[in-house]
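Working notes, structure below.
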Amino acid sequence: MFRYKRRRIMLTHPSLLRSGTGPARCLAAMAFLLAASCGITSALTFVPSDPGLICTHTIQTDWGTGYQGQLKIKNTTSAALDWSVTMVDFPDTITSLWGAAWTQTGDDILLEGFETYHNLIPKNNTFTIGYVAER
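Residues 4 to 138, numbered by our numbering, are exactly what the sequence shown covers, in order.
Structure, rendered in structure tokens:
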């Protein structure tokens, strides 16, 4: 549930999405509600470095105060891609992450391959990253 007040979207449950202003937050709130009604496991926003990369996020285990998440990145192109993915406005705190290097700037988290390995996703292949986060 959300309410609109002076261009500010506020969700009644803080773990769903943080409050914010502007059309982007409104769209994010609507996307979350649509995803929840369709049974989709995640309403997070992922921005890959190449349009040929498709991200799929699932919650593997949820224990209320935290969870284990999994991000699959599929290369749909006919060439190997040097990749990165930004998790935009990530609402929780990552305590552990494996399969990628990561840096956090504000609420955005940049995931990318290590310099010496996992930096390329082969053509028509999928790469998996796992993490643990606290709410």
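Backbone N, C-alpha and C define an ideal beta-carbon position, used for all residues, glycine too.
Inset, instruction - Could you have a look at Phe-93 and say whether DSSP puts it in helix, strand or coil? - result: coil
Legend entry - Sequence-distant residues of the same chain with beta carbon closer than 6 Å to Leu-100, five excluded per side: Tyr-134
Inset, instruction - Give the DSSP-derived three-state secondary structure of Asp-110 in the structure shown. - result: coil
Inset, instruction - Answer yes or no: do Met-90 and Leu-56 have a C-beta to C-beta separation smaller than 8 Å? - result: no
Legend entry - Ile-124 burial status per 10 Å Cβ neighbour count (16 or more: buried): buried
Inset, instruction - Pull up the DSSP beta-bridge partners for His-60, would you. - result: Leu-74
Legend entry - Phe-130 vs Ile-112 beta-carbon contact at 8 Å: no
Inset, instruction - Could you say which of Asp-65, Thr-79, Gly-102 and Ile-76 lies nearest to Ala-136 if we only look at CA atoms? - result: Asp-65
Legend entry - Same chain only: Cβ atoms within 6 Å of Asp-110, ignoring 5 sequence neighbours per side: Asp-92 and Phe-93
Inset, instruction - Determine the closest residue to Asn-122 out of Thr-108, Ala-104 and Arg-138, with distance taken between C-alpha atoms. - result: Ala-104
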